[in-house]
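Chains as they are written, first to last, in this note's numbering: chain A, 2 to 251; chain B, 473 to 795.
Have a look at the structure below, then the notes.
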């Protein structure tokens, strides 16, 4: 089993705020890693450290065996890392198709414009945005914008995909659709780390999970282990009965 | 090749330039030639600025610095070194591009208003620098030796030739603008305009893309500077770096529609037409720039996308044919 990502002792401070403390985990290729924790736990900060928005003060991040700590975001994109944003960031005055083409053009495979068009058409079909292709991205609703974020990331044909709360704000049927899409992405051989608050969905889809609380990594393990971890229950899940119920409904 | 309608975005601009080039001959009038020269100059400058302002989203309030700098470089080589107009045009274009490259490395990391302020500062700093450089004639500037024109068949023939070179530069500016707009490089610039951070996350190497956009937007203004001051016969610091000319360029690009190929052309046309009317009008002739300022304000408040941008929004099919 080759490791696609190794996070080792990553620490990030913002002035006096300790956003991440000594976070360490490995991610084997082809798995889905669920990253959970209360608001402000440092989940998105960890994403930002992995994809180069922030440079951690301590620790190293290895991507496909190479030390990429402190790389630029565009270098990470070219190495084969793509992400979606918790707060959607569409290129509003461009069409949906142009948005997705931009993902294909500048990502890992560095396609020509004409090839990018073909990839964009295929990816838009996959995430269900094909009918909206010629609309401006600004005209989409939130659920569609989330799908656009995902399409843009997928068009880059990444090795590793970071999904930041793609389920937030979606209704139950949209969540079902999105979870299916995520499973299909994994089946294509893409490794995924997903930040999620929709516990049932993330427990259901993850191979392993990491739990953060106030920047500390309080647990790591399979969804079953996490659901029964006393510390996690106290910090995040709250009610032990609820945790059991969540697992029972899988 | 697809249907010709799909290429309207380049066909219309080319027809406009061709029309402007032929018009003075048809009208057989020197004053028509001068008017056409001014419009072509505005078209070329506005199309160049559009690469930075419209595609990349960086507002330059001092773009005229490349025009003045190129003009000085070109006249220096024409007059002092005895180079031909062609060689002078090339060296001026290259120098303006090189200036943009180094400036870009320094100031393109600034965003929004800070970048705009820096560009004003650079224009003023360049004016002060040239003012104190003896090699460029200091405050007096460079006056062309009359015998420079002789090489081109005398002053009248040289002015005529300058007109056709200007038409060529306008053509080059439009073709460059069009091909950037429909290229992968252009898509990267548009991504930077819409959201620079998101563009970088997608893999657009923004620092490089922005620098090249700045360089490409500076080359033709540098060459136009040479041509204008060659025709003019002399160049002085205050005529080479007029801040208000930078702002007039912004008005043209915003009026026609920033970020579209046709917009700056239309804007340059409309603005020069209006300016021609205002400066000859008894009432407006002294407050002509205030009118430009008022127009800029109205555009930003009510139609920020400009004329072509507005049309593209209203009629979605136009988006495909008018890039």
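Beta carbons: idealized from backbone N, C-alpha and C, even for Gly.
Note that the structure is a prediction, hence the values are computed from the model and not measured.
Give the straight-line distance between the Cα atoms of residue 473/B and residue 480/B, rounded to the nearest whole angstrom. Position 1 of the second chain, counted from the first residue, corresponds to residue 473/B. Position 8 of the second chain, counted from the first residue, corresponds to residue 480/B. For residue 473/B, the predicted model reports a pLDDT of 45, less than 50, meaning its position is unreliable; a value from the coordinates is still stated below. So the two alpha carbons sit approximately 13 Å from each other.
Could you give the distance in angstroms between the alpha-carbon of residue 694/B and the alpha-carbon of residue 158/A? Looking up residue 694/B in the second chain gives position 222. Looking up residue 158/A in the first chain gives position 157. Using only the alpha carbons, I get a separation of about 42 Å.
Are there three or more Cβ pairs, one per stretch, closer than 8 Å when the region 678-695 of chain B is compared with the region 514-527 of chain B? Touching, per the Cβ criterion.
Report, in whole angstroms, the separation of the C-beta atoms of residue 631/B and residue 513/B, which I expect to be a contact under 8 Å. Taking the second chain and counting its residues from 1, one reaches residue 631/B at position 159. Taking the second chain and counting its residues from 1, one reaches residue 513/B at position 41. Taking a contact as a CB-CB distance under 8 Å, the pair residue 631/B and residue 513/B does not count as one, their CB atoms being some 14 Å apart.
Do the region 32-45 of chain A and the region 191-202 of chain A make contact, defined as three or more Cβ pairs closer than 8 Å? Three or more beta-carbon pairs separated by less than 8 Å link the region 32-45 of chain A to the region 191-202 of chain A, which places the two stretches in contact.
Could you give the uninterrupted runs of the alpha helix (DSSP H) lying entirely in the region 172-238 of chain A, keeping only those of 4 residues or more? Fully enclosed alpha helix (DSSP H) runs of 4 or longer: 173-188, 200-206, 224-228.
Just verifying my parser: in three-state terms, what is the DSSP assignment at residue 5/A? One-based indexing of the first chain puts residue 5/A at position 4. Of the three classes helix, strand and coil, the one that applies to residue 5/A here is strand, per DSSP.
Assign residue 606/B to one of three DSSP states: helix, strand, or coil. On the second chain, residue 606/B is found 134 positions in, with the first residue counted as 1. Residue 606/B falls in the helix class under three-state DSSP.
Length of the line joining the Cα atoms of residue 550/B and residue 608/B: In the second chain, counting from the first residue as 1, residue 550/B sits at position 78. In the second chain, counting from the first residue as 1, residue 608/B sits at position 136. Those two C-alpha atoms are separated by around 12 Å.
The region 150-168 of chain A: which residues have C-beta closer than 7 Å to a C-beta of chain B, in chain order? Residues of the region 150-168 of chain A with a C-beta atom less than 7 Å from some C-beta of chain B are 153, 157, listed in chain order.
With 16 other CB atoms within 10 Å as the buried threshold, where does residue 251/A fall? Taking the first chain and counting its residues from 1, one reaches residue 251/A at position 250. Any reading at residue 251/A must be qualified, since the residue scores a pLDDT of 46, below 50, and its modelled position is unreliable; no value is offered.
Residue 66/A: which of 139/A, 91/A, 231/A, 2/A sits nearest, CA to CA? Walking along the first chain from the start, residue 66/A turns up at place 65. Comparing C-alpha distances from residue 66/A to each of 139/A, 91/A, 231/A, 2/A shows the shortest one belongs to 2/A.
DSSP-derived helix/strand/coil call for residue 158/A: Your numbering for residue 158/A matches position 157 in the first chain. Residue 158/A falls in the coil class under three-state DSSP.
Candidates 786/B, 599/B, 502/B, 698/B: which alpha carbon is nearest residue 556/B's? On the second chain, residue 556/B is found 84 positions in, with the first residue counted as 1. For residue 556/B, the closest alpha carbon among the candidates 786/B, 599/B, 502/B, 698/B is that of 698/B.
Write down every uninterrupted run of the alpha helix (DSSP H) in the region 569-609 of chain B whose length is 4 residues or greater and which is fully enclosed by it, in chain order. Positions of the alpha helix (DSSP H) runs, each at least 4 residues long and wholly inside the region 569-609 of chain B, are given as 585-603 in order along the chain.
Could you give the residue range of the alpha helix (DSSP H) that holds residue 744/B? By 1-based counting over the second chain, the position of residue 744/B is 272. That run of the alpha helix (DSSP H) goes 734-752.
For residue 655/B, which residues in chain A fall below 9 Å Cβ to Cβ? For this step, residue 655/B is matched to residue 183 along the second chain. Proximity of chain A to residue 655/B at the Cβ level (cut-off 9 Å) is accounted for by 114, in chain order.
Presumed contact (8 Å Cβ cut-off) between residue 139/A and residue 674/B, rounded CB distance: To locate residue 139/A, count along the first chain from 1; it is residue 138. To locate residue 674/B, count along the second chain from 1; it is residue 202. About 18 Å separates the beta carbon of residue 139/A from that of residue 674/B, a gap too long to meet the 8 Å contact definition.
Measuring CB to CB, does residue 168/A end up less than 9 Å from residue 150/A? Position 167 of the first chain, counted from the start, is the residue given in the question as residue 168/A. Position 149 of the first chain, counted from the start, is the residue given in the question as residue 150/A. Residue 150/A sits away from residue 168/A, with the two beta carbons spaced by 9 Å or more.
Residues near residue 202/A by beta carbon distance below 7 Å, same chain, minus five either side: Position 201 of the first chain, counted from the first residue, corresponds to residue 202/A. Cβ neighbours of residue 202/A within its own chain (closer than 7 Å, five residues either side excluded): 168, 176, 180.
Going by C-alpha distance, which of 212/A, 81/A, 171/A, 17/A is nearest residue 143/A? Taking the first chain and counting its residues from 1, one reaches residue 143/A at position 142. Comparing Cα-Cα distances from residue 143/A to each of 212/A, 81/A, 171/A, 17/A, the minimum goes to 171/A.
Quick check on residue 153/A: buried or exposed, where buried means 16 or more other Cβ atoms within 10 Å of its Cβ? The count along the first chain starts at 1 and reaches residue 153/A at position 152. Buried, because 16 or more other Cβ atoms sit within 10 Å of the Cβ of residue 153/A.
Buried/exposed call for residue 239/A, threshold 16 Cβ in 10 Å: One-based indexing of the first chain puts residue 239/A at position 238. So residue 239/A ends up on the exposed side.
Does residue 669/B come within less than 9 Å of chain A when only Cβ atoms are used? Counted from its first residue, the second chain places residue 669/B at position 197. So yes, residue 669/B belongs to the interface.
Using a beta-carbon distance below 9 Å, is residue 106/A in contact with chain B? Counted from its first residue, the first chain places residue 106/A at position 105. By this cut-off, residue 106/A is an interface position.
Close beta carbons around residue 13/A, own chain, < 7 Å, minus the five adjacent residues each side: Along the first chain, one-based indexing puts residue 13/A at 12. So the qualifying residues of the chain are 20, 21, 46, 50, 55, 57, 58.
Is residue 166/A helix, strand or coil when you go by DSSP? Looking up residue 166/A in the first chain gives position 165. In this structure, DSSP gives residue 166/A a state outside helix and strand, which the three-state scheme calls coil.
Does any C-beta atom of chain A lie closer than 9 Å to the C-beta of residue 488/B? Position 16 of the second chain, counting from 1, holds the residue named residue 488/B. At a cut-off of 9 Å between beta-carbon atoms, residue 488/B makes no contact with chain A.
Is the region 741-753 of chain B touching the region 655-668 of chain B, taking contact as three or more C-beta pairs under 8 Å? With the cut-off at 8 Å, the region 741-753 of chain B and the region 655-668 of chain B do not touch.
Identify whether residue 537/B lies in helix, strand or coil by the three-state DSSP scheme. The residue you call residue 537/B lines up with position 65 of the second chain. Here DSSP, grouped into helix, strand and coil, assigns residue 537/B to helix.
Tell whether a beta-carbon distance below 9 Å holds between residue 778/B and residue 739/B. In the second chain, counting from the first residue as 1, residue 778/B sits at position 306. In the second chain, counting from the first residue as 1, residue 739/B sits at position 267. For residue 778/B and residue 739/B, yes; Cβs fall inside 9 Å.
Please identify, using Cβ separations under 8 Å, the residues of the region 674-688 of chain B that lie next to chain A, in order along the chain. Contact annotation: in the region 674-688 of chain B, residues whose CB is within less than 8 Å of a CB in chain A are 674, 675, 676, 677, 678.
If we ignore side chains and look at the alpha-carbon of each, how far apart do residue 501/B and residue 507/B end up? Taking the second chain and counting its residues from 1, the one referred to as residue 501/B is at position 29. Taking the second chain and counting its residues from 1, the one referred to as residue 507/B is at position 35. Cα to Cα, residue 501/B sits roughly 10 Å from residue 507/B.
Between the CA atoms of residue 117/A and residue 648/B - distance to the nearest angstrom: Taking the first residue of the second chain as position 1, residue 648/B is located at position 176. Taking the first residue of the first chain as position 1, residue 117/A is located at position 116. Straight-line spacing of the CA atoms in residue 648/B and residue 117/A works out to 22 Å.
Under 8 Å between beta-carbons, which chain A residues line up against residue 660/B? List them in chain order, please. Locating residue 660/B in the second chain gives position 188, where the first residue counts as 1. Chain A residues near residue 660/B: 103, 106, 107.
At which residues does the beta strand (DSSP E) containing residue 1/A begin and terminate? Examination of residue 1/A is not possible in this model, given that chain A is present from 2 through 251 alone.
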